[in-house]
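In my numbering, the protein residues as written are 6 to 124.
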C-alpha cells in the first residue's frame, strides 16, 4: 500500500481541485447544480481515484484507478473550455486551470507508463 499523500500527482490534482472550488464559487447561481457540480465532481474524482488506487495493494489496481483519474481529467478539460466559452470564467483563471489540468494529465500518463514498464 502506497501513501497517496506522498505522490506528486496526487498533490497537484488536490491543488487543482481546490482551485476549481475557488473559481466555481463565482459561477451564476443557476449553474450550481449543473456545471459547477459537474466540474467539482470531475476535479475531486482525480485525487480520489489516485488515493483509492494507492490503497488497493497492487500495481494493476493502481493503474486501473489512474486510468479512471485520467478520464476525469479529460472531462474537466472540456468543462473548463465550456465554462470559458460561456464567459463563466476569466481568461486568466481558465489558462491557469487548463495548465494545471494538462500537467496532471501528463503526470498520470507518465505514472501509468511506468507501471506498465514495471510489469
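For glycine and all other residues, C-beta sits at the position ideal for the given N, C-alpha and C. Here the structure is a predicted model, which means the values were calculated and not measured.
> In its own chain, which residues sit with a C-beta less than 6 angstroms from the C-beta of residue 18, not counting the 5 before and 5 after it?
Replying inline: The count along the chain shown starts at 1 and reaches residue 18 at position 13. Contacts found: 51, 52, 109.
> From residue 78 to residue 123, what does the alpha carbon distance come to, in whole angstroms?
Replying inline: Your numbering for residue 78 matches position 73 in the chain shown. Your numbering for residue 123 matches position 118 in the chain shown. Roughly 24 angstroms separates the two Cα atoms.
>> Need the endpoints of the alpha helix (DSSP H) that residue 34 sits in, please.
In response: Position 29 of the chain shown, counted from the start, is the residue given in the question as residue 34. Here residue 34 belongs to no alpha helix (DSSP H), and DSSP marks it neither H nor E.
> Beta-carbon separation of residue 104 and residue 74 under 7 angstroms?
Replying inline: Position 99 of the chain shown holds residue 104. Position 69 of the chain shown holds residue 74. No.
> So, residue 25 versus residue 42, is the Cβ gap smaller than 7 angstroms?
Replying inline: Reading the chain shown from its first residue, position 20 is the one you call residue 25. Reading the chain shown from its first residue, position 37 is the one you call residue 42. Going by C-beta atoms, residue 25 is not nearer than 7 angstroms to residue 42.
>> Would residue 116 and residue 56 be called neighbours here (beta carbons separated by less than 7 angstroms)?
In response: For the purposes of this step, residue 116 is taken as the residue at position 111 of the chain shown. For the purposes of this step, residue 56 is taken as the residue at position 51 of the chain shown. No, Cβ-Cβ distance for residue 116 and residue 56 is not below 7 angstroms.
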